[in-house]
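This note's numbering numbers the first residue of the sequence shown as 2 and each following residue consecutively.
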Amino acid sequence: MITIKTESQIEKMRKAGALLKSVLDALRAEIQPGVTTLHLDKLAERLIRSAGALPSFKGYNGFPFSICASVDDQVVHGFSNNKPLKQGQLLSVDCGVILNGWQSDSAFSVLVGGGSAEDQKLVDVTEECFWRGAAQARAGNHLGDISHAVQQHAESHGYGVIRDLCGHGIGQEMHEDPNVPNYGKPGRGVKLQAGMVLAIEPMISMGDWRVFLEDDDWTVVTRDGSKCSHYEHTVLITEGEPEILSFPGARIPEALR
Ligand code: MG
Ligand code: MG
């Protein structure tokens, strides 16, 4: 069932989103060679709990951390560890919070200490995929319009769109209906209505889109070993331009409006 949020519920989701943005900004500022993902995980948990919120990932189906920290060919759901990050690694950080019962979910990718132009392009195009998808997230459009926009942009650069994982509705639960695939056909699927909230999250591989699950039963890795980038925000559908709840004040790029 797809839930339509009321204005007072949306206001709570705005607060959760603003908190999550501040946490991810703090994590981003910490990332440099030598830092461990376990350090980032602990920092995230401390910041979230000190704001009176809960880290939604921790304990979710038994997941042991407050962030997913996925490096290079790891797509998503990577475990934090005490290995120092190395210059040029592609790190994706995904995090979720629950504030006063309402969820927010967001992820970004970055090259640790900077890296190759080739890897930076993957990170940049993945973010562009998000914005192109989000630009289609408006009342009257269909879910497939979002999916198609993401897929078309990624594939135009020769990248693979991960298919085994997708975005999702979000509200009082982290994963609500509908699924938001990163591939699809325009005009297909659920018709979008104002008050729906979707986590739109392109997961884009430099090579093939096929993945497998590591022995920890969580970490998703590309089969061909190619690097993968992830970018996500919690997005409110409106009659006009969507509101990016996990990025207060952000607007759809003018060329896409
Ligand atoms: Mg996420
Ligand atoms: Mg998500």
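Here a beta-carbon is modelled for each residue, glycine too, at the ideal position from N, C-alpha and C. Just so it is clear, the structure is predicted and the values come from calculations on it, not from any experiment.
- Counting the other CB atoms within 10 Å of its CB gives residue 184 a total of 16 or more, which places it among the buried residues.
- In this structure, residue 140 and residue 240 form a Cβ contact; the two beta carbons are roughly 5 angstroms apart against a cut-off of 8 angstroms.
- In this structure, the C-beta of residue 136 stays at least 6 angstroms away from each heavy atom of ligand 2.
- In its chain, beyond the 5 residues on either side, 85, 86, 87, 88, 113 and 114 have a beta carbon closer than 8 angstroms to the beta carbon of residue 34.
- Going by beta carbons, residue 144 and residue 198 fall outside the 7 angstroms limit.
- Judged by DSSP in its simplified three-state form, residue 14 adopts helix.
- Not one heavy atom of ligand 1 lies closer than 6 angstroms to the C-beta of residue 255.
- Contact between residue 92 and residue 77 is ruled out by a C-beta separation of about 12 angstroms, above the 8 angstroms threshold.
- DSSP, read as helix, strand or coil, puts residue 24 in helix.
- Under DSSP, residue 192 takes part in a beta bridge, and its partners are 143.
- Taking C-beta separations shorter than 8 angstroms and ignoring five residues to either side along the sequence, the partners of residue 102 in its chain run 13 and 173, following chain order.
- In this structure, residue 17 has its beta carbon at no less than 6 angstroms from each heavy atom of ligand 2.
- Spanning the alpha carbons of residue 254 and residue 4 requires a straight line of approximately 27 angstroms.
- Just so you know, the alpha carbons of residue 24 and residue 106 end up roughly 11 angstroms apart.
- When C-beta atoms of the stretch 163-173 are compared with those of the stretch 212-230, three or more pairs fall below 8 angstroms, so the two segments count as touching.
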